[in-house]
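Undergrad: There's a structure below that I have some questions on.
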Amino acid sequence: MTLASILIQLLNGLAAAASLFLVSAGLSLIFGVTRIVNFAHGSLYMLGLYGAYSLIEFFGRTPLGFWGAVVLAALAVGLVGVLIEVLVLRRIYRAPELFQLLATFAVVLVIKDIALFTWGAEDLVGPRAPGLSMAVEIMGRRIPAYDLLLIAIGPVVLALLWLLLTRTRWGALVRAATQDREMVGALGVDQAKLFTSVFFVGSVLAGLGGALQIPREPANLELDLAIIADAFVVTVVGGLGSIGGAFLAAIIIGVAKAFCIGIGTVTWFGFEISFSKLTLVVEFLIMALVLVVRPYGLLGKPQAAQRAAEPAPRLQVPSWTFALVWLALLALVPLVADRYTTILLTDIVCFALFSVSLHFIMGPAGMVSFGHAAYFGIGAYAAGLLMKRFGLPMEAALLLAPLVAGLFAIVYGWFCVRLSGVYLAMLTLAFAQISWSIVFQWDSMTGGSNGVFGVWPSAWLADKTTYYYLALVLCGAGIVFLWRVLFSPFGYALRAGRDSPLRAEAIGIDLRGFQWAAFVLVGALAGLAGAVYAFSKGSISPSSISIAQSTDGLIMVLLGGVETLTGPVVGAAIFTWLRDVVARNTEFWRAVMGGVILLIVLLFPQGLVGGLKALVARWREQRA
Amino acid sequence: MSPTILQVEGLHKAFGGVQAVADVSFAVSAGEMLALIGPNGAGKSTCFNMLNGQLTPDSGIVRLEGRDIVGLRPRAIWRLGVGRTFQITATFASLSVRENVQMALYSHAGRLRSLLSRFGAAFGGEADALLDQVGMLDQAERTCGVLAYGDLKRVELAIALANEPRLLLMDEPTAGMAPKERVALMELTARLARARNIAVLFTEHDMDVVFSQADRIIVLDRGVLIAGGTPPEVRANPNVRAVYLGSAH
């Protein structure tokens, strides 16, 4: 590389870093004060792009029209953020953290469909910035003037934020709340107003980040989850709650990505390596490195110890009678149901194991995973590829696939168990996103965006009813096994570690070792679910490993209720069935699902099973 | 003379130029209750955390029954026979009182790695015996998360005794308890320690507890040991009076 091309890549990277910084700073700010990981933050970014596009069309492509549109779009997105805070989040600040998360997922679904309804499914290519569409010549290379402006905007916003946070009363409150929210509340500060205003500012930043991208990137419906993954990486690298850290990390990651794209394809020792396809991998490597050296990010501080949460309730062992009655019922269904129902039930059985494995790790083991689909998807792909590319018999592929998923869990888990809380959750999401990008980009092996076709079971399993029984046996065994493990010494040690890591260490428990083993165990079983699912569908698409799939899993667990064992199964059944029904009737199934989830979150903050149990208990009390 | 269990020599720790603990040496014998006292910021916690493996001293020697334990992780130190209670109780809130103690017993026996056996099937009798000793047997079925604070302290004591420790490290064992409960808990500790020949090192703010329960007392001020001896000796020591009463004479 010549000096000139290095400079170009550097400038490219800095330009890309600007939006990344804005979005991440907003995310960090909101998290710092409200302790809510706002998944919908990526949706706000997406709305920023769409909003800017429409407003430019409306105002006309003049400099005033363009900049007016960008600013108005950002402010409008800020109002959307306020709406989310007031209508949804404000009502559940006292609910468990995970429920708030579920609510923001629901908002993602709703916003995606609002965008689909308003702007359609086509990518919308925005205009170049009027007056800045020329290029500037630097060292013989042409750089878009707009990129130079973006490079300047990053530090300007950083400086403004810094002034806002250090020189105003509002900023002092935000900083105080970031350190100790309860204390600020105790001092008589109106928390509702503070939270709303923080949501507004954070959302404006997301919207601005999106709107500024309009000349560089077409508005499309996939941006919401794509940018949230990037923003998570940036906040984790920079340190949660640190605006300066977000800036530094955005630059590091933006520049590293630009260099990867700039390097392009290189041949080393006869191997062709396409660096432009490795951008996500590089992002991940940076994050992994930072987390190993500085677990709280470059400029982050160790999270303040959270005040004692409500202790998790004791789990109840499902009785054998209970399990057998249900198994018998499920075994009888195909005798009376039609083919369609049998296929739907097969799906439900697969997702039930997926959901139970996720519950195992996030409930009793206390490690929330935002990227559980990684193992489901890897299991599915491993099954398909072992059969199609390596010529293994279907049965062997099906049984080996969980081991492959487990192998990945060994690697990913090694990093993950070093972290806890939100950092852990974000790292799991990043791993899932890496896996997705590898699958998506490795065309020759995985079929890229098309996926793998013709993944059908052997002849003796080809009948849908027979395959349903296979799924029921395998996934049912997986679920029973996981439940059993929860009541074993190993499972108790995990619960003990969740309750008090300090005490666990003080009585000789190697908590990380246990957590790592748990990670591998659930990874393998999620892989089994994925493999069974793959053969039931006959094809595998990258969506099986996507963030959307991960969030589906979280929704299933949280919908059913994280505090009961049967909750995740009920959640998987209801979610899968509901999605099927809704998707058959409307194009906008996501919005309907999102609406239903929001309703449940607001009505049953303990999940469906937990909520029903509470209702039954109250009813009994009244009768007694 | 009872054998020395814990031997500390020339312990040093500085945080960014501030000498938190300087040249601290002392020893605890089997069956002995040694109180480590001193005003706030004297370095008691720093000292404690160097003994239990949470901090590594800059220099100095910590020997447990003759074995150097500097640099070992807390869980390794536990395996060598050190039980701990915390200033703010740390128990497993979602497990029952009995299960809390069983957890320590399972860990001590190296039996936590089993995936398929039922937890709780073993060590029930041992757990109940320990709970009986601390007076918590009648609450064995209750979930730790709902216990009163004083009861949690007793559970912690039972957990700490589960690995048949040679040494008990108790950081502010009676903090947050009612005065009456405090003396009761430390009387119980002293009784158990003597019966089982366990060395006990504890920090404590309540001087009634210290002077009534400790066999010996050492006094830390600004990172340095300024006095040591039996309760009457320490009570009469002018240095101690100066530190606690604020006047030199």
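Heads up: the protein sequence lines correspond to chains A and B, in order. Position 535 of the first sequence, counted from 1, bears residue number 1486 in the working numbering, the numbering being contiguous throughout. Position 16 of the second sequence, counted from 1, bears residue number 18 in the working numbering, the numbering being contiguous throughout. Cβ atoms here follow ideal geometry from the backbone N, Cα and C, with glycine treated the same way.
Relative to the C-alpha of Ala1455/A, which candidate in Thr48/B, Glu158/B and Asn51/B has its C-alpha closest?
TA: Of Thr48/B, Glu158/B and Asn51/B, the residue nearest in Cα terms is Glu158/B.
Undergrad: Rounded to the nearest angstrom, what separates Ile1460/A and Arg156/B at their Cα positions?
TA: Using only the alpha carbons, I get a separation of about 21 Å.
Undergrad: Please state whether the Cβ-Cβ distance between Val1268/A and Trp1434/A is less than 9 Å.
TA: Their beta carbons are under 9 Å apart, which means Val1268/A touches Trp1434/A by this criterion.
Undergrad: Among residues of its own chain, excluding the 5 on either side of Ala238/B, which ones have a beta-carbon nearer than 6 Å to its beta-carbon?
TA: So the list is empty, once near-sequence residues are dropped.
Undergrad: State yes or no: is the C-beta of Val1059/A within less than 9 Å of the C-beta of Ala1381/A?
TA: No.
Undergrad: Which chain A residues are close to Tyr108/B, counting only those with a beta carbon under 7 Å from its beta carbon?
TA: Chain A residues near Tyr108/B: Pro1440.
Undergrad: Using the beta-carbon of each residue, which ones in chain B are nearer than 7 Å to Val1368/A?
TA: Simply none; closest approach about 15 Å.
Undergrad: Need the endpoints of the alpha helix (DSSP H) that Arg1463/A sits in, please.
TA: Run containing Arg1463/A: Leu1462 to Lys1488, per the alpha helix (DSSP H) assignment.
Undergrad: Does chain B have any CB closer than 9 Å to the CB of Glu1133/A?
TA: Chain B, which has no Cβ nearer than 9 Å to the Cβ of Glu1133/A, makes this no.
Undergrad: Does Val1403/A come out as helix, strand or coil in the three-state DSSP assignment?
TA: Three-state DSSP puts Val1403/A in a strand.
Undergrad: How is Val1039/A classed by DSSP in three states: helix, strand or coil?
TA: Reduced to three states, the DSSP call for Val1039/A is coil.
Undergrad: Quick check: is the beta carbon of Arg218/B nearer than 9 Å to any beta carbon in chain A?
TA: Cβ-Cβ to chain A under 9 Å: no for Arg218/B.
Undergrad: So Val1152/A and Ala1025/A are supposed to be a Cβ contact under 8 Å. How far apart are they, rounded?
TA: With 8 Å as the limit, Val1152/A and Ala1025/A do not qualify as a contact, their Cβ atoms being about 11 Å apart.
Undergrad: Is there a Cβ from chain B that is less than 9 Å from the Cβ of Ser1451/A?
TA: So, interface residue.
Undergrad: From the beta carbon of Arg1435/A, is the nearest beta carbon of chain B less than 9 Å away?
TA: Yes, its Cβ sits closer than 9 Å to a Cβ of chain B.
Undergrad: Just verifying my parser: in three-state terms, what is the DSSP assignment at Val988/A?
TA: Three-state result, Val988/A: coil.
Undergrad: Please report the straight-line C-alpha distance between Lys15/B and Asp140/B, rounded to a whole angstrom.
TA: Each residue's Cα considered, the two are about 44 Å apart.
Undergrad: Please go through the region 1244-1326 of chain A and give each complete alpha helix (DSSP H) segment of 4 or more residues, from N-terminal end onward.
TA: Runs of the alpha helix (DSSP H) inside the region 1244-1326 of chain A: 1271-1287 and 1290-1313.
Undergrad: Between Ser1487/A and Trp1407/A, what straight-line distance do the alpha-carbon atoms span, to the nearest angstrom?
TA: One C-alpha to the other measures close to 7 Å.
Undergrad: Which class does Gln56/B belong to by DSSP, given the choice of helix, strand or coil?
TA: DSSP places Gln56/B in coil when its eight states are reduced to three.
Undergrad: Taking DSSP as the reference, what is the three-state secondary structure of Gln215/B?
TA: Correct three-state label for Gln215/B: helix.
Undergrad: Give a yes or no on whether the minimum CB-CB distance between Phe28/B and chain A is below 9 Å.
TA: No, its Cβ sits nowhere closer than 9 Å to a Cβ of chain A.
Undergrad: Which residues, in order along the region 112-130 of chain B, keep a beta-carbon less than 7 Å from a beta-carbon of chain A?
TA: Result list: Arg113, Leu114, Arg115, Ser116, Leu117, Leu118, Ser119, Arg120 and Phe121.
Undergrad: Residues of chain A with CB closer than 8 Å to the CB of Arg81/B, please, in chain order.
TA: Those within 8 Å of Arg81/B in chain A are Gly1459.
Undergrad: Among the residues of its own chain, which have a CB less than 8 Å from the CB of Trp1528/A, if the five just before and after it don't count?
TA: If we look at Trp1528/A and ignore the five residues flanking it on each side, its Cβ neighbours are Leu1295 and Ile1299.
Undergrad: Return yes when the Cβ of Arg113/B is within less than 9 Å of the Cβ of Pro1315/A, no when it is not.
TA: Their beta carbons are not under 9 Å apart, which means Pro1315/A does not touch Arg113/B by this criterion.
Undergrad: At which residues does the alpha helix (DSSP H) containing Gln21/B begin and terminate?
TA: Counting along the chain, Gln21/B falls outside any alpha helix (DSSP H), though it belongs to the beta strand (DSSP E) covering Val20 to Ser31.
Undergrad: Note down, in chain order, each residue of its chain lying with its Cβ closer than 7 Å to the Cβ of His110/B, except the 5 sequence neighbours on either side.
TA: Cβ within range, chain order: Ala164 and Asn165.
Undergrad: From the DSSP secondary-structure annotation, give me the bridge partner or partners of Pro1095/A.
TA: Its beta-bridge partners are Ala1086/A.
Undergrad: From Arg81/B to Val1244/A, what does the alpha carbon distance come to, in whole angstroms?
TA: Arg81/B and Val1244/A: Cα-Cα distance of roughly 29 Å.
Undergrad: With burial defined as no fewer than 16 other Cβ atoms inside 10 Å of the residue's Cβ, what is the status of Ala1123/A: buried or exposed?
TA: Flag for Ala1123/A reads exposed.
Undergrad: Just reading off the alpha helix (DSSP H) that Ser1048/A is part of, what are its end residues?
TA: The sequence as given places Glu at residue 1048/A; Ser does not occur at that position. Note, Glu1048/A: alpha helix (DSSP H), Glu1048 to Trp1070.
Undergrad: In the DSSP output, what is Asp223/B paired with across the bridge?
TA: For Asp223/B, which the question treats as bridged, DSSP gives the partners Val226/B.
Undergrad: Could you check what DSSP says for Ser98/B in three-state terms: helix, strand or coil?
TA: In this structure, Ser98/B counts as strand in the three-state DSSP scheme.
Undergrad: Residues in its own chain within less than 8 Å of Leu1191/A by CB, not counting five upstream and five downstream?
TA: Same-chain partners within the cutoff: Ser979, Phe982, Gly983, Tyr1247, Gly1248, Gly1251, Gln1254, Val1373 and Tyr1374.
Undergrad: For Ala1256/A and Ala1356/A, what's the separation of their Cα atoms in angstroms?
TA: Low per-residue confidence applies at Ala1256/A: pLDDT is 48, beneath 50, and the placement is therefore not dependable enough to give any value.
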